[in-house]
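Enquirer: Per my numbering, the very first residue in the sequence shown carries number 184; after that it's consecutive.
Attaching a single structure in structure tokens format; questions to follow.
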Amino acid sequence: MTSATIRPASDYPPGGDAFRHRHLTGIAQLTPWEISYILDAAEQWVELNRAGAAKHDDALRGLTIINAFFENSTRTLLSFEIAGKRLGADVVNMHAAQSSVKKGETLIDTAMTLNAMRADAIVIRHQSSGAVQLIADKVDCPVLNAGDGRHEHPTQALLDALTIRRRLGRVEGLTIAICGDVLHSRVARSNILALTLLGNEVRVVAPPTLIPPAMERMHVRVFTDMDAGLDGADVVMMLRLQNERMDGAYLPSPREYHALYGLTPQRLAKAKPDAIVMHPGPMNRGVEIDSNVADDPARSTITEQVEMGVAVRMACLDILTRRTRKVPGWN
Ligand code: NCD
């Protein structure tokens with residue numbers, strides 16, 4: 184495994200210019216410089232997490248982080264919780280299923296309630312695209328988007344970029360095929376934005392019914408044939424079929440989908456011999472990806488993506504709370 188060179192903090196411009204945003208609502212707001220800044224910061228947390236020392240880091244001691252999840256989640260919620268706790272913060276989780284949202288409270292009222300509790304950061308997942316920005320506009324503390332509808336999932340794209348950079352030594356000049364249910368995927372959207380911005384060739388591979396309109400405007404190449412889309416790729420990123428977001432029949436059957444778009448060892452052979460295979464999870468094994476590909480440690484980065492998720496979220500929580508914590512140079 185290779186690791187890209189970490190730039191020392193002193194290489195970045197002083198005065199907080201290395202990252203000038205109050206919230207992290209999407210990759211669309213970031214520059215390549217800001218993405219690298221977060222990845223470099225996360226790189227240091229990876230090492231500390233592996234050494235087991237990070238549990239005692241108290242950079243965020245005395246701060247309260249609310250994870251407000253209006254939609255189901257396993258790895259994103261857990262990794263934000265672990266990230267906050269490793270930095271010494273108090274972390275509170277709000278699950279919509281048990282909250283007043285179920286009693287009909289509006290999003291704005293929920294936002295005002297969260298704000299009144301004087302959290303130091305709020306992490307939000309919501310089923311509606313744009314809901315996170317709406318809350319960010321109403322509250323006084325930094326807001327981090329943990330996935331809003333089909334819109335963005337910025338920390339997923341950042342952890343994917345970090346995983347690629349560590350595995351392949353760089354995250355520029357690569358050919359990256361994003362395959363599957365692009366239409367319903369905020370992971371795809373954030374990754375397309377991040378990976379094109381960093382200077383990679385991004386391909387989208389999907390059945391015509393699962394390709395969003397005007398994809399070319401996002402500077403990607405569109406393929407409906409999987410073998411052609413994977414040809415010569417350095418990275419094969421698989422997406423889950425998001426059945427819960429489908430409001431009709433987009434596909435004949437999961438079996439037919441697997442026959443045409445499932446990642447099998449034979450199909451993977453079209454990519455470069457050392458191409459890596461990614462999946463944000465949760466996986467539909469035997470539908471978009473075969474177990475013998477997903478579980479091959481030489482090719483699959485799936486568990487490493489989860490590990491990078493904690494480090495990236497530590498970096499984001501640390502960076503976004505620097506103004507509140509009055510870290511010198513961050514006013
Ligand atoms: C993704 C999500 O929720 O958008 N999962 C995740 O965050 N790891 C992708 C998915 O649900 O398929």
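We treat Cβ as the ideally placed atom computed from N, Cα and C, and that holds for glycine.
In chain order, what residues of the same chain lie with their CB nearer than 8 Å to the CB of MET184, ignoring the 5 residues before and after it?
Expert: Against the sequence shown, residue 184 aligns to sequence position 1. With a pLDDT of 32 at MET184, under the threshold of 50, the modelled position of that residue is not reliable, and no figure is offered here.
Enquirer: Considering only heavy atoms of ligand 1, list every residue whose Cβ is less than 6 Å from one of them, following chain order.
Expert: The filter returns ARG258, THR259, GLY330, HIS336, GLN339, ARG369, VAL370, ARG423, GLN425, PRO463, GLY464, in chain order.
Enquirer: What does a CB cutoff of less than 7 Å around GLY356 pick up in its chain, not counting 5 residues either side in sequence?
Expert: Position 173 of the sequence shown, counting from 1, holds the residue named residue 356. So the qualifying residues of the chain are GLY382, ASN383.
Enquirer: On the DSSP bridge assignment, give the partners of VAL354 in chain order.
Expert: Taking the sequence shown and counting its residues from 1, one reaches residue 354 at position 171. DSSP, once it has assigned bridges, lists no residue as partnering VAL354.
Enquirer: Does DSSP classify HIS334 as helix, strand or coil?
Expert: Along the sequence shown, one-based indexing puts residue 334 at 151. If DSSP states are grouped into helix, strand and coil, HIS334 belongs with coil.
Enquirer: Around the C-beta of ASP430, are 16 or more other C-beta atoms found within 10 angstroms, so that it is buried, or is it exposed?
Expert: Taking the first residue of the sequence shown as position 1, residue 430 is located at position 247. The residue in question, ASP430, is exposed, as its Cβ has fewer than 16 Cβ neighbours within 10 Å.
Enquirer: Does DSSP put THR257 in a helix, a strand or coil?
Expert: By one-based count along the sequence shown, residue 257 stands at place 74. It is coil, neither helix nor strand.
Enquirer: May I have the straight-line CA-CA distance separating ASP273 from GLY464, to the nearest angstrom?
Expert: By 1-based counting over the sequence shown, the position of residue 273 is 90. By 1-based counting over the sequence shown, the position of residue 464 is 281. Looking at the two C-alpha atoms, the distance is approximately 27 Å.
Enquirer: If you check the beta carbons only, do GLN339 and GLU254 fall under 8 Å apart?
Expert: Position 156 of the sequence shown, counted from the first residue, corresponds to residue 339. Position 71 of the sequence shown, counted from the first residue, corresponds to residue 254. Cβ atoms of GLN339 and GLU254: not closer than 8 Å.
Enquirer: Under 8 Å Cβ to Cβ from VAL493, same chain only, skipping five residues before and after it: list those, please.
Expert: Within the sequence shown, numbered from 1, the residue matching residue 493 stands at position 310. So the list reads TRP228, ASN232, SER262, ILE265, ALA266, ARG269, once near-sequence residues are dropped.
Enquirer: Kindly list the residues whose CB is nearer than 8 Å to the CB of ILE472, restricted to its own chain and excluding five residues on each side of it in sequence; keep chain order.
Expert: To locate residue 472, count along the sequence shown from 1; it is residue 289. Answer for ILE472: MET421, GLY445, LEU446, VAL460, HIS462, MET466, listed in chain order.
Enquirer: Does GLY415 pass the burial test, meaning 16 or more other C-beta atoms within 10 Å, or should it be called exposed?
Expert: Residue mapping note: residue 415 aligns to position 232 of the sequence shown, counting from 1. Answer is exposed; the Cβ neighbour count stays below 16.
Enquirer: Hey, would you say the C-beta of PRO448 is under 7 Å away from at least one heavy atom of ligand 2?
Expert: Questions concerning ligand 2 fall outside what the structure shown contains, since the ligands it does hold are ligand 1.
Enquirer: Assess contact between the region 470-488 and the region 506-513, defined as three or more Cβ pairs (one per stretch) separated by less than 8 Å. Is contact present?
Expert: Touching, no.
Enquirer: How should ASP364 be labelled, buried or exposed, when 16 other C-beta atoms within 10 angstroms of its C-beta is the threshold for buried?
Expert: For the purposes of this step, residue 364 is taken as residue 181 along the sequence shown, with counting starting at 1. So ASP364 ends up on the buried side.
Enquirer: For ASP478, decide whether its Cβ has a neighbour in chain C, counting only Cβ atoms nearer than 8 Å.
Expert: Absence of chain C from the displayed structure is noted, only one protein chain being present.
Enquirer: Run through the region 410-480 for me and flag every whole alpha helix (DSSP H) of 4 or more residues, listed as ranges in chain order.
Expert: You should have 437-444, 448-451, 474-477.
Enquirer: Following the continuous beta strand (DSSP E) through ALA251, name the residue where it begins and the one where it ends.
Expert: Translated into the one-based positions of the sequence shown, residue 251 becomes position 68. Looking at the DSSP string, the run of the beta strand (DSSP E) that includes ALA251 is 247-252.
Enquirer: Which same chain residues end up closer than 6 Å to ARG404 when comparing Cβ atoms and leaving out the 5 residues on each side of it in sequence?
Expert: In the sequence shown, the residue the question calls residue 404 occupies position 221. Closer than 6 Å at the Cβ level, and outside the excluded window around ARG404, lie ARG386.
Enquirer: Can you give, in chain order, each stretch of the alpha helix (DSSP H) that sits fully within the region 367-404 and has at least 4 residues?
Expert: Runs of the alpha helix (DSSP H) inside the region 367-404: 369-380.
Enquirer: In angstroms, rounded to a whole number, what distance separates the CA positions of PRO337 and ASN374?
Expert: If you number the sequence shown from 1, residue 337 lands on position 154. If you number the sequence shown from 1, residue 374 lands on position 191. The straight-line gap from Cα to Cα measures roughly 8 Å.
Enquirer: Measure the C-alpha to C-alpha separation of PRO391 and THR407 and round it to an integer number of angstroms.
Expert: Your numbering for residue 391 matches position 208 in the sequence shown. Your numbering for residue 407 matches position 224 in the sequence shown. Answer to the nearest angstrom: the Cα atoms are 6 Å apart.
Enquirer: How about VAL424 and VAL470: do their beta carbons lie closer than 8 Å?
Expert: Within the sequence shown, the letter at position 241 stands for residue 424. Within the sequence shown, the letter at position 287 stands for residue 470. Note on residue identity: the sequence assigns Leu, not Val, to residue 424. Cβ distance < 8 Å, so LEU424 and VAL470 count as in contact.
Enquirer: Bridge partners of CYS362, per DSSP?
Expert: If you number the sequence shown from 1, residue 362 lands on position 179. VAL388, MET421.
Enquirer: Compare the C-alpha of LEU317 against each of ALA452, HIS206, ALA498 and name the closest.
Expert: In the sequence shown, the residue the question calls residue 317 occupies position 134. Closest by alpha carbon: HIS206.
Enquirer: Whole angstroms are fine: how far does the CA of ALA454 sit from the CA of THR247?
Expert: Along the sequence shown, read from residue 1 onward, the residue named residue 247 stands at position 64. Along the sequence shown, read from residue 1 onward, the residue named residue 454 stands at position 271. The alpha-carbon atoms of THR247 and ALA454 are separated by roughly 45 Å.
Enquirer: Given a cut-off of 8 Å, decide if VAL476 and PRO456 are closer than it, judged by their beta-carbon atoms.
Expert: Position 273 of the sequence shown, counted from the first residue, corresponds to residue 456. Position 293 of the sequence shown, counted from the first residue, corresponds to residue 476. Not in contact: PRO456 and VAL476 (Cβ atoms no closer than 8 Å).
Enquirer: Decide if SER474 is buried, meaning its Cβ has at least 16 other Cβ atoms within 10 Å, or exposed.
Expert: Taking the sequence shown and counting its residues from 1, one reaches residue 474 at position 291. Looking at its Cβ environment, which holds fewer than 16 other Cβ atoms inside 10 Å, SER474 is exposed.
Enquirer: Give the range of the alpha helix (DSSP H) segment to which ASP223 is assigned.
Expert: To locate residue 223, count along the sequence shown from 1; it is residue 40. Where ASP223 is concerned, the enclosing alpha helix (DSSP H) stretches over 215-234.
Enquirer: To which residues of the same chain is ASP410 closer than 8 Å at the C-beta, ignoring the five residues directly before and after it?
Expert: Your numbering for residue 410 matches position 227 in the sequence shown. Excluding sequence neighbours, ASP410 sits near ARG450, LYS453.
Enquirer: If we ignore side chains and look at the alpha-carbon of each, how far apart do GLU230 and ALA224 end up?
Expert: In the sequence shown, residue 230 corresponds to position 47, counting from 1. In the sequence shown, residue 224 corresponds to position 41, counting from 1. Approximately 11 Å, taken between the alpha carbons.
Enquirer: With a 10 Å radius around its C-beta and 16 neighbouring C-beta atoms as the bar for buried, classify SER436 as buried or exposed.
Expert: Locating residue 436 in the sequence shown gives position 253, where the first residue counts as 1. The residue in question, SER436, is exposed, as its Cβ has fewer than 16 Cβ neighbours within 10 Å.
Enquirer: Could you tell me which residues DSSP pairs with ARG308 in its beta bridges?
Expert: Within the sequence shown, the letter at position 125 stands for residue 308. Answer is PHE252, bridged to ARG308.
Enquirer: Exposed or buried, what is ASP343 when buried is set at 16 or more other beta-carbons lying within 10 Å of its beta-carbon?
Expert: Stepping through the sequence shown from its first residue, residue 343 is reached at position 160. Buried.
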